[in-house]
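Enquirer:
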Amino acid sequence: MVRSRYVEIADTLAAELAQLPAGSRIAGEHEIAARFAVGRAAARAAMQELEQRLLVRRVRGAGTFVNRRIDYVISQRRAPSWHQTVREAGAEPRSVVRDVRRAPLPAAEAELLERPTGSPASLLIRQYYVDDLLHGWSNEWIPADVLPDVEIAVHSVESVDSILRQMARVRPVRSWCRVSNTLPEPEVVAGLEIESGRPVWLVESVSRDSGTGLPVLFSRSWSRPDSARIVVEMDGPYQPEDE
Numbered sequence: 004m005v006r007s008r009y010v011e012i013a014d015t016l017a018a019e020l021a022q023l024p025a026g027s028r029i030a031g032e033h034e035i036a037a038r039f040a041v042g043r044a045a046a047r048a049a050m051q052e053l054e055q056r057l058l059v060r061r062v063r064g065a066g067t068f069v070n071r072r073i074d075y076v077i078s079q080r081r082a083p084s085w086h087q088t089v090r091e092a093g094a095e096p097r098s099v100v101r102d103v104r105r106a107p108l109p110a111a112e113a114e115l116l117e118r119p120t121g122s123p124a125s126l127l128i129r130q131y132y133v134d135d136l137l138h139g140w141s142n143e144w145i146p147a148d149v150l151p152d153v154e155i156a157v158h159s160v161e162s163v164d165s166i167l168r169q170m171a172r173v174r175p176v177r178s179w180c181r182v183s184n185t186l187p188e189p190e191v192v193a194g195l196e197i198e199s200g201r202p203v204w205l206v207e208s209v210s211r212d213s214g215t216g217l218p219v220l221f222s223r224s225w226s227r228p229d230s231a232r233i234v235v236e237m238d239g240p241y242q243p244e245d246e
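For what it's worth, this note's numbering labels the leading residue of the sequence shown as 4, then goes sequentially.
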C-alpha cells in the first residue's frame, strides 16, 4: 500500500467531514474501499488517520461518527457549570446519572470541603456527552448540610450548578482547581469506554458559595482527550450576577 494513497483519501474525507455536524454517522470501511476503489487495508488506514487527527470516533457496535473537540475553558470568571461551559464552547451538553447515594466523606474530600472526615454527603456519579458523543465521567460530592435532597433534584435538573442555586440558595464560584493527565481506574475506563492504559484529562475542583465562602461542592471529572482540550485561564475571580 502506498502511504500517500490512504493519506489522500483521509484528506478528501476530512474536507467533507468539516461540513457535517458533530455526531453524524459516516461511511464504514467497506463503503470507503468501494468508493475509492482500494482494498480494505487502505480504507482502514485512512480511517485510522482520521482518528489520529481526532476528526472521527469509532463507537463499538454503533459505527463511526464525526468528532469535534471542544475547548473546555476553566476560569474563575466563568460559572463552575459543566453544562454552561460546553454550551459556551458551541456544543450541546447532556449528562446521565449513573448513581447517586448518601455516603460519608472520605478524608481527602473532607479536607477540601472543610468538613470532618465521615461527615454525611451525597455522592453523584455521572456520565457526560457532548453532541451525543461520550465525553466524560465524574464523581461529585455535596455536603448534606448544603443540600440534603440531591437524590431527588438530579433526576429532574441536569446542572448541579443550577440545583445548588435554586435549592440551596448559594452562588457557587470555583475556588480551587487542579488539572492533570492520568491513567484512570477500571470503573472510569469502563465509563469512558476507552482502552485500559490510555491517559485522560482529570479535573479536580472545589466550588464555594460566594456569599459565605463555605465550600459547597467537590468534583473529580475525567474527560476523553479526543472530546475536549482543557484550557485554564488565570484571570481572577468570577463574580456571579444576582438572580
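No residue lacks a Cβ here, since even glycine has one placed at the ideal position from N, Cα and C.
Bear in mind that the values here come from a model prediction, so they are computed numbers and not experimental data.
Which residues in the same chain as D102 place their Cβ atom closer than 6 Å to its Cβ, once the five residues preceding and following it in sequence are excluded?
Expert: Closer than 6 Å at Cβ, skipping near neighbours: I128.
Enquirer: Between the segment 93 to 113 and the segment 166 to 181, can you find at least three pairs of beta-carbon atoms closer than 8 Å?
Expert: Because the criterion of three Cβ pairs below 8 Å is not met, the segment 166 to 181 and the segment 93 to 113 do not touch.
Enquirer: Does DSSP classify G64 as helix, strand or coil?
Expert: Of the three classes helix, strand and coil, the one that applies to G64 here is coil, per DSSP.
Enquirer: Around the Cβ of L186, are there at least 16 other Cβ atoms within 10 angstroms (buried) or fewer (exposed)?
Expert: It counts as exposed.
Enquirer: Tell me whether M4 is buried or exposed, calling it buried when 16 or more other Cβ atoms sit within 10 Å of its Cβ.
Expert: Annotation note: pLDDT 47 at M4 (below 50); position unreliable, no value reported.
Enquirer: When DSSP builds the beta bridges, which residues end up paired with L205?
Expert: Looking at the DSSP assignment, L205 forms a beta bridge with S183 and W225.
Enquirer: Between the beta-carbon of W225 and the beta-carbon of V191, is there less than 8 Å?
Expert: Taking 8 Å as the Cβ cut-off, W225 and V191 qualify as a contacting pair.
Enquirer: Would you be able to state if there are at least three C-beta pairs under 8 Å between the segment 29 to 40 and the segment 55 to 73?
Expert: Segments in contact, yes.
Enquirer: Leaving aside the five residues before and after Q87 along the sequence, list all residues of the same chain whose C-beta is less than 8 Å from its C-beta, in chain order.
Expert: The answer, listed in chain order, is R81, S162 and D164.
Enquirer: Got a sec, what are the start and stop residues for the beta strand (DSSP E) I197 sits in?
Expert: Note, I197: premise wrong, no beta strand (DSSP E); not H, not E.
Enquirer: From Y9 to E54, what distance separates their C-alpha atoms?
Expert: Taking the straight line joining both Cα atoms gives about 13 Å.
Enquirer: I need the boundaries of the alpha helix (DSSP H) containing R104, first residue and last residue.
Expert: Run containing R104: none in the alpha helix (DSSP H); it sits in the beta strand (DSSP E), P96 to P107.
Enquirer: By Cβ distance, which residues of its chain are closer than 6 Å to R97, with the 5 residues on each side in sequence left out?
Expert: So the list reads Y132, once near-sequence residues are dropped.
Enquirer: For the alpha helix (DSSP H) containing Q22, list its first residue and its last residue.
Expert: Taken as a continuous stretch (DSSP letters only), Q22 belongs to no alpha helix (DSSP H), as it is neither H nor E.
Enquirer: Quick one, are the C-beta atoms of S178 and P146 less than 8 Å apart?
Expert: Their beta carbons are not under 8 Å apart, which means S178 does not touch P146 by this criterion.
Enquirer: Determine the direct distance from the alpha carbon of G194 to that of W140, and round the result to whole angstroms.
Expert: W140 and G194: Cα-Cα distance of roughly 6 Å.
Enquirer: Looking at the strands, I want to know which residues DSSP matches up with V59.
Expert: In DSSP, V59 forms a bridge with V69.
Enquirer: According to DSSP, what are the bridge partners of Q130?
Expert: Q130 is bridged to V99 and W140.
Enquirer: Give the single residue among A44, R43 and M50 whose Cα lies nearest to the Cα of A13.
Expert: Nearest option by C-alpha distance: M50.
Enquirer: Quick check on P146: does DSSP put it in helix, strand or coil?
Expert: Looking at P146 - three-state DSSP - the assignment turns out to be strand.
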